[in-house]
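**Q** Be aware that the first sequence starts at 3, since it is given in this note's numbering, and climbs by one per residue.
Here's a structure for you.
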Amino acid sequence: MDRGFFDRDVLEVAPLLLNKLLLKRGPGPGPDLLGRIVEVEAYRGSDDPASHAYRGPTARNAVMFGPPGRLYTYFTYGMHWCANIVTGPEGTAEAVLLRALAPVAGLEAIRRARPAARRDRDLLSGPARLCQGLGIDGGHNGADLVTGDRGLQLLDDGVPPPPVPEVSGRVGIRLATDRPWRWWVPDNPHVSPGRPRPPGPAPEG
DNA sequence: CTATAGATGCCCT
DNA sequence: GGGCATCTATAGC
């Protein structure tokens, strides 16, 4: 894919990422793993209190401030990795959280990487699940998805994004729950079971 | 299907 | 020390 695709506002890019392919190669002799993006969320650092970049650059969020088309991975809840695609020009801090993928290739290897998943629909249906299933972690922070320099690449096989994607508030956050910045492919069984918190002011006193 | 509790470690104040 | 862009097992319909 072209770098320019990612060099736009995150609210424009996020829904267009639906139905794109994420390819994971190696390292080692393992088979290529492939998944189709079916659920995403937008985080816009400059004016988004829920974004890791809201309070300015730190060691953790540095990749978000870098050039578009790279992967931002972070560790959370003491045990989980999550992956984002950086958008917008260098200097801004926008990113699209990958929330769910539909497995396309490498199913056997993905099943081995996700022993807790009882059904195939649970393999990559969550931001931490998809990282576990594809073997994505901190070693991939900053990987370039355009060149595939670290075995991770974003591909377009011609399947267009849904003309009218489903929309809701974002999942698992406390702040800015009213922003409809989560998109998914309608009726796709691999979308995560997460539900947004009811909108309202942040708890206070 | 829904609801709940517990795991577990890094980041930032 | 508080809080987390989560997941899993278990309990109960």
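For glycine and all other residues, C-beta sits at the position ideal for the given N, C-alpha and C.
1) Sort out for me which residues DSSP pairs PHE77 with in a bridge.
2) Any idea which residues DSSP pairs TYR56 with across the strands?
3) What ranges does the beta strand (DSSP E) occupy inside the region 7-35, keeping only unbroken runs of at least 3 residues that lie completely in it?
4) Can you give me the start and stop residues for the alpha helix (DSSP H) that ALA111 sits inside?
5) With ASP9 and PRO129 assumed to form a contact (beta carbons below 8 Å), what rounded beta-carbon distance in angstroms separates them?
6) Under a Cβ-count criterion, where at least 16 other Cβ atoms within 10 Å of its own Cβ denotes burial, should MET81 be classed as buried or exposed?
7) Are the region 84-103 and the region 40-60 touching, with three or more C-beta to C-beta distances below 8 Å?
8) With distances taken between CB atoms, is the gap from VAL106 to LEU36 smaller than 8 Å?
9) Express the C-alpha separation of THR179 and PRO201 in angstroms, rounding to a whole number.
**A** In brief:
1) Within the first sequence, numbered from 1, the residue matching residue 77 stands at position 75. Its beta-bridge partners are TRP83.
2) Along the first sequence, read from residue 1 onward, the residue named residue 56 stands at position 54. The partner list for TYR56 (beta bridge, DSSP) is empty, contrary to what the question assumes.
3) 23-26
4) Locating residue 111 in the first sequence gives position 109, counting from the first residue. Run containing ALA111: 109-115, per the alpha helix (DSSP H) assignment.
5) On the first sequence, position 7 is the one that residue 9 refers to. On the first sequence, position 127 is the one that residue 129 refers to. Going by Cβ atoms, the distance from ASP9 to PRO129 rounds to 24 Å, so no, they are not a contact pair.
6) Here residue 81 is taken as the residue at index 79 of the first sequence, counted from 1. It is exposed - the Cβ of MET81 has fewer than 16 other Cβ atoms within 10 Å.
7) These segments touch.
8) As a first step, residue 106 must be located in the first sequence, where it is residue number 104. As a first step, residue 36 must be located in the first sequence, where it is residue number 34. Taking 8 Å as the Cβ cut-off, VAL106 and LEU36 qualify as a contacting pair.
9) Taking the first sequence and counting its residues from 1, one reaches residue 201 at position 199. Taking the first sequence and counting its residues from 1, one reaches residue 179 at position 177. Roughly 5 Å between the two C-alpha positions.
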